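Note sheet for the following structure.
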């Protein structure tokens, strides 16, 4: 009897972990978590350092950068600008205007379907249109694990 209860509880607790990935994207009203994204600094950024960003939370009106304890490092307010349905790889691309940064003026988010879940890359650009910072995550999450 104990083994049956153990087996059932393992199934119940393991299934939600697999279903936590983002399976559909609303590009105008996104909400997801990027856990331990790969950060690529193309140029130095005074606002943030390379090692402190461990989580990104993306919502309709902001991009929140957090440390390993999920404390806010930087909050960027943004407004949806446009979307490009897809490119050769059938990626979904959307653009945002960043309204509260001295360094960044626009952001581009590139979504790619990988299996049943989405991966994403968030690219931040300066006023000259030069890519300065890029974050990538292979699996977007609906919530923190």
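Numbering (mature numbering (1 follows the signal peptide of the UniProt record, and there is no 0)), first residue to last: -19 to -1, 1 to 126. From the three backbone atoms N, C-alpha and C, an ideal C-beta is built for every residue, glycine too. Nothing here was measured: the structure is a model prediction, and the numbers come from that model.
*Roughly how many angstroms separate the alpha carbons of residue 117 and residue 82, rounded to a whole number?*
21 Å
*asked:* Using a Cβ-Cβ cutoff of less than 6 Å, which residues in the same chain neighbour residue 21 once the five nearest sequence positions on both sides are dropped?
replied: 115
*From this set, 44, 63, 97 and 98, which residue's C-alpha is nearest residue 79's C-alpha?*
44
*Kindly indicate which three-state DSSP category residue 33 falls into: helix, strand or coil?*
coil
*Rounded C-beta distance between residue 101 and residue 87? I'm assuming under 8 Å.*
Actually they are not in contact, since the Cβ atoms of residue 101 and residue 87 sit about 16 Å apart, beyond 8 Å.
*Closest residue to residue 120 among 109, 99, 59 and 105 (Cα-Cα distance)*: 99
*asked:* Going by DSSP in three states, residue 8 sits in which element: helix, strand or coil?
replied: coil
*asked:* Classify residue 125: buried if its beta carbon has 16 or more other beta carbons within 10 angstroms, exposed otherwise.
replied: exposed
*Exposed or buried, residue 50, counting other C-beta atoms within 10 Å across all chains shown (16 or more means buried)?*
exposed
_Extent of the continuous beta strand (DSSP E) run through residue 85_ = From DSSP, residue 85 is part of no beta strand (DSSP E); its letter is neither H nor E.
*Go ahead and label residue 71 buried or exposed: buried means 16 or more other beta carbons lie within 10 angstroms of its beta carbon, across all protein chains shown.*
exposed
_Extent of the continuous beta strand (DSSP E) to which residue 98 belongs_ = 98 to 106
*How would you label residue -6, buried or exposed, when you count the other beta carbons within 10 angstroms and need 16 or more for buried?*
Confidence in residue -6 is poor, its pLDDT being 45 and thus under 50, which makes the residue's placement too unreliable to answer from.
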